[in-house]
Amino acid sequence: MSMIANENIVNGSGVTIDVADVSKWYGSVVAVNEVAFKVTPGITALLGPNGAGKTTMLHMIAGLARCSEGDVQVLDEPVRGNPGIYTRLGFMSEHEAVYGFQTGRRFVEMSAQLHGLDAIEAAAKKAIDIVGLADVQDRPLKGYSRGMRQRMRLAASIVHEPQVMILDEPLNGTDPRQRIEFQDVMRRLAREGKTILISSHILEEVETLADRILLMVSGKLAAAGDFRAIREKLDGLAYRVRIVVDAPRAMAAALVAMEEVESVGVEEDQSLIVLCRNVGPIQIAIPELAKSNGIRLLRVEPIDDSLEALFGYLVDR
Amino acid sequence: MTESDGQLFDLGYQHYEGPREGRMRARKALFVNGVRTSLGLGRSTTAKLLPFAFFAAIMAPAILLALGASTIGDTLTPGAELPGHADYYQIVSLLILIFSAIIAPELLCSDRRNRVLSLYMVRPLTSTDYVAGRWVAFFAITILLVYAGQIVLLLGLVLGADEPLTYLKDNWLDIPRFLAAGAIVALLTTTIPLAVAGFTSRRAIASVFVIGLFVVTISVANILVECKEHDVTIVNGQVVEERCEPLTGSAAKWLGLIDIGSAPIHLSDMIFDKEADEQLGIEVAKLNNVYPVLWYLLWILGPGLVLLARYRRMSP
Amino acid sequence: MSAVLGLSFRQLGGRWRLLIIFFLVVLQISLAITVSVLAGKEEDFEEGFINIMLDGLLVGAVLPLVTMALATASFGNEMDDRTLSYIVLKPLPRWRIALPKLLASIIIAGPILAVSGAVSTVLGLGSDVQTAMAVGVGLFIGVAAYASIFTWLGLRTTRALAFALVYVLLWEGLISSFIHGVDYFSVRGYTLAIMHGLDTTALAELEIRTIEFPAAVGGAAIATVAFFWLTVRRLQRMDVP
């Protein structure tokens, strides 16, 4: 059984975030265990179950926490003890707390001011427009709903148009429509050549949004890269395909005869679940088999060709 | 062949089949939780540090006095007395005060700050139960603290006396006295800080406010009862007569009551039938006994009722 | 930097806080007037006033408590609320974050306490400008030193107020009354000594219990700078929640 090793991901121009054998421990608890990866421009998602060390990892990348071992470099500069890096680095933490007494506009403007931007109001206006909160910007933050707060916080972390953005669970508390808008924003920024590292629980969105994933389990990096490529490398995980036909047992017999098929199961609703190593040959073979046996093919559906299946498999291993 | 029956056990979600106890149980659990929070049990070592440090600090005078009583008690000149039960509360009052100002707010403020009150309220507990539970928990701890010292002192005095049993027989009245006086001190130092804590969700503010309240009132009261004229008559090297004309004249005995922190001490002095030796105490002693008692009760019932009302009207 | 300063003012200058500070100031001044009216003519009035009003109430209680309530909250609020990352993740050298936080409490507490002290000295003792200035300056320096220590405490620990109270009440209060040497390590000692040093004649009463003037000035300066430096260092090295 092969496993994805911590290999270079070269897919774009140059490495923007370089995490080199980073570990972090608190007393005898190891939160992050010898993790190494490189991130390039585009959208990268950091996934993992709760307690996997994602937030700790992001804090270290943003320079907020010290690495017990190892080193993090962003844009070829160290992050720790280097406040200057923050002109090109934006971070949105997992804490949703804000200064309740400030208006949304003031919150973003303050961020712009502290970044030393010249045109504070213009930059703030642009950021607030991007997140779509221009009509509520003059209300105090304590009156915002959770989703609105998240978006305003996002505006504050991108107001200085950083090259690298690190967002810890930015979609928390947002409704589906806001999430779609958010995805558009992220894609646009990625097209402009920015590097975006998002940590998220919502696998469906990550699937559509991220070019690459980093999967952390129990403080270690379990997988990195394009998730379909990862899947292919996991020999131990068979693909499952659901087939609905009008003559299930005949189809099952025909499928079992194929070498690539590991097993065929008949479900209660008479659909077939086929386990195979390689989806490609199966997908070509199925219509031919159906035709040559006079069976009507109603439905062919790979049922775990998803990030969720991969996630589940890797996490539970 | 024996017949064996196989059994299959459901390892899934287990229902609770035991007895479901009611309000009393909830109250008891709340009390225990209050005690554990105050003492920092179940949390890191640093959380335990403060309560136990205070415990040691409050016991220290008791231990010292106990040792002193047993070693040098007989060698003192007549008329001079080592501080005993009657003086203990005055000595430790500052420490007890700081202890309650720092720890009491933790019982109420944290729950409000973290917005977990609603978790309590969905149990068979009313808001009165909640406040009362917290109050009783803190009172219990303070009383324990206060009595522990007195008991150590008692042991020291008894064992250090030439005739322990005689000492006990002669002085047994001290025991109910210090029990009563201790309760009086504990009632005040429990109620006022908790009442203040009910109005803010930041512990720090509550602590500073309580300390400020007591410290400022002590200073103000002392200033107002200061002697403006002080005549001391000395005959043969001994102070025979002292006359002090306070700043505020005859109003001084009333103004002395401003020192809220000493309210329980005045009562303690009354219980022990002790003569006050400080200017403030002397002034207040001139009042009819009723007034300090009423004043004390005001500062117990007032904040207590305010605290109850506050929680009854609070929405979690 | 002015952004952080403005933010801190807004955070610290809550309505209730300011009200209480105002109340304490009014109390101080009215007490001074009352006392002076009632006993101004007595012979040892001056010494009593200085000992109890100035040393006991103002320097011993009001000064540390007010400064404590403000300074521990400077960073304390950010740590509690987890909003520290908003000001720390900016391309500012750490001292430009620590300094406005420190200055905010000094600017709020300093002038108010200094002026109220000066005024109550004038009204209470009937003293001249020099004495009033001595009291005011001493108080202001006391605010600066306390604020520096308490700001650092607020950043360093969640129990900042407990430590601050223990320091003020037990170390500076109780223990220093037994061991005189403690005054060399106490902001209260510095404050009193500076007041005395600036006006030795009118405030001669303080002489018995104060340390030397140069030592006090040096001590206050060192305390203020050292704890500010510790705050900056902590910001650089800490893990931000």
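If you read the sequences in order, they're chains A, B and C.
Take 1 as the starting number for the first sequence in our numbering and just add one per residue.
Take 1001 as the starting number for the second sequence in our numbering and just add one per residue.
Take 2001 as the starting number for the third sequence in our numbering and just add one per residue.
From the three backbone atoms N, C-alpha and C, an ideal C-beta is built for every residue, glycine too.
Remember, it's a predicted structure, so these values are computed and weren't measured experimentally.
Can you find a CB in chain C that lies within less than 7 Å of the CB of M165 (chain A)?
For M165 (chain A), the nearest beta carbon of chain C is not closer than 7 Å to its own beta carbon.
So what does DSSP say about Y1013 (chain B), is it helix, strand or coil?
The answer is coil: DSSP assigns Y1013 (chain B) none of H, G, I, E or B.
Given that M2079 (chain C) touches chain B, what residues does it touch there, using C-beta distances under 8 Å?
For M2079 (chain C), no chain B residue has a C-beta closer than 8 Å to its own C-beta; the minimum C-beta separation is roughly 11 Å.
Report the residue ranges of all beta strand (DSSP E) runs contained in full by the stretch 175-223 of chain A; include only those spanning at least 3 residues, in chain order.
Qualifying beta strand (DSSP E) stretches, in chain order: 195-199 and 212-217.
Counting contacts by CB-CB distance shorter than 7 Å, is V19 (chain A) in contact with chain C?
Not a single CB atom of chain C sits nearer than 7 Å to the CB of V19 (chain A).
Verify the CB distance criterion: does P83 (chain A) have a CB-CB separation below 7 Å to chain C?
Chain C has a Cβ within less than 7 Å of the Cβ of P83 (chain A).
Is S2 (chain A) helix, strand or coil by DSSP?
Summary for S2 (chain A): the model assigns pLDDT 29, below 50, so the residue's position carries little reliability; its value from the coordinates is reported in the next sentence. In the structure shown, the three-state DSSP call for S2 (chain A) is coil.
Taking DSSP's pairing of strands, which residues face D168 (chain A) in a bridge?
DSSP, once it has assigned bridges, lists A:S199 as partnering D168 (chain A).
Is the Cβ of M110 (chain A) closer than 7 Å to any Cβ of chain C?
Any Cβ of chain C closer than 7 Å to the Cβ of M110 (chain A) would place that residue at the interface, and such an atom is present.
Would the beta-carbon of V159 (chain A) fall within 7 Å of that of S200 (chain A)?
No, the pair does not count as a contact, with Cβ atoms beyond the cut-off.
Taking the straight line between their C-alpha atoms, what separation do you get for V2232 (chain C) and V30 (chain A)?
Their backbone Cα atoms lie some 28 Å apart in a straight line.
According to the Cβ coordinates, are A1181 (chain B) and S1262 (chain B) closer than 7 Å?
Cβ distance not < 7 Å, so A1181 (chain B) and S1262 (chain B) don't count as in contact.
Exposed or buried, what is M1024 (chain B) when buried is set at 16 or more other beta-carbons lying within 10 Å of its beta-carbon?
Residue burial is scored here from C-beta neighbours: M1024 (chain B) has fewer than 16 other C-beta atoms within 10 angstroms and is therefore classed as exposed.
What does I2052 (chain C) reach in chain B if we use C-beta pairs closer than 8 Å?
Scanning chain B for C-beta atoms nearer than 8 Å to the C-beta of I2052 (chain C) yields S1219, N1222, I1223 and E1226, reported in chain order.
Kindly list the residues whose CB is nearer than 7 Å to the CB of I2211 (chain C), restricted to its own chain and excluding five residues on each side of it in sequence; keep chain order.
The answer, listed in chain order, is D2183, Y2184, G2189 and A2193.
Within 9 Å of chain C by C-beta, residues of the stretch 181-215 of chain A in sequence order:
Shown here is that no member of the stretch 181-215 of chain A has a Cβ falling below 9 Å from a Cβ of chain C.
DSSP-derived helix/strand/coil call for I128 (chain A)
In this structure, I128 (chain A) counts as helix in the three-state DSSP scheme.
Tell me, please, whether the CB atom of L64 (chain A) is closer than 7 Å to any CB atom in chain C?
L64 (chain A) counts as touching chain C.
Is P2091 (chain C) close to chain A, meaning its C-beta is less than 7 Å from at least one C-beta of that chain?
Yes, its Cβ sits closer than 7 Å to a Cβ of chain A.
Less than 7 Å between the C-beta atoms of T2072 (chain C) and L2007 (chain C), yes or no?
Not closer than 7 Å, so no.
Of all Cβ atoms in chain B, is any one closer than 7 Å to the Cβ of A2032 (chain C)?
By this cut-off, A2032 (chain C) is not an interface position.
Any 3 or more C-beta pairs closer than 8 Å across the stretch 2101-2119 of chain C and the stretch 124-135 of chain A
Result no; under three Cβ-Cβ pairs closer than 8 Å.
Contacting residues, own chain, Cβ-Cβ under 8 Å from T16 (chain A) (five flanking each side not counted):
Cβ neighbours of T16 (chain A) beyond the five flanking positions: V39, T40, P41, V74, L75, Q163, V164 and T195.
Cβ-based burial, S2 (chain A) [other Cβ within 10 Å; buried from 16]:
Caution is warranted here: a pLDDT of 29 is assigned to S2 (chain A), below 50, making its placement in the model unreliable, and no coordinate value can be reported.
From which residue to which residue does the beta strand (DSSP E) around T1037 (chain B) run?
Element bounds for T1037 (chain B): not the beta strand (DSSP E) but the alpha helix (DSSP H), R1023 to L1039.
Inspect the CB distances between the stretch 104-123 of chain A and the stretch 45-59 of chain A and report whether three or more fall short of 8 Å.
As far as the Cβ criterion goes, the stretch 104-123 of chain A does not touch the stretch 45-59 of chain A, which means the pair count is below three.
Checking contacts by CB at 7 Å: is A123 (chain A) closer than that to chain C?
No, A123 (chain A) lies away from the interface with chain C (no Cβ there is under 7 Å from its Cβ).
Does any C-beta atom of chain C lie closer than 7 Å to the C-beta of R1211 (chain B)?
In the sequence as presented, Arg is not what sits at residue 1211 (chain B); that position holds Ile. Interface residue, yes.
In its own chain, which residues sit with a C-beta less than 6 Å from the C-beta of L289 (chain A), not counting the 5 before and 5 after it?
Contacts found: A254.
What number of angstroms, rounded off, separates the C-alpha of L2123 (chain C) from the C-alpha of S2036 (chain C)?
When rounded, the separation of the alpha-carbon atoms in L2123 (chain C) and S2036 (chain C) is 7 Å.
How would you call F2178 (chain C), buried or exposed, if buried means at least 16 neighbouring beta carbons within 10 angstroms?
By the neighbour-count rule (16 or more Cβ atoms within 10 Å), F2178 (chain C) is not buried but exposed.
Can you tell me whether C67 (chain A) is helix, strand or coil according to DSSP?
When secondary structure is reduced to three states using DSSP, C67 (chain A) falls in the coil class, being assigned neither helix nor strand.
Contacting residues, own chain, Cβ-Cβ under 6 Å from P2241 (chain C) (five flanking each side not counted)
The beta carbon of P2241 (chain C) is closer than 6 Å to those of R2082 in its chain, skipping five residues each way along the sequence.
Going straight from the alpha carbon of P83 (chain A) to that of L114 (chain A), what length do you get?
Roughly 12 Å between the two C-alpha positions.
Segments of 3+ residues assigned as beta strand (DSSP E) that fall wholly inside the stretch 1178-1263 of chain B:
Taking only runs of at least 3 residues, the beta strand (DSSP E) segments lying wholly in the stretch 1178-1263 of chain B are 1227-1235 and 1238-1246.
Residues of chain C with a CB under 7 Å from the CB of S93 (chain A): which are they?
Neighbours of S93 (chain A) on chain C, chain order: S2085.
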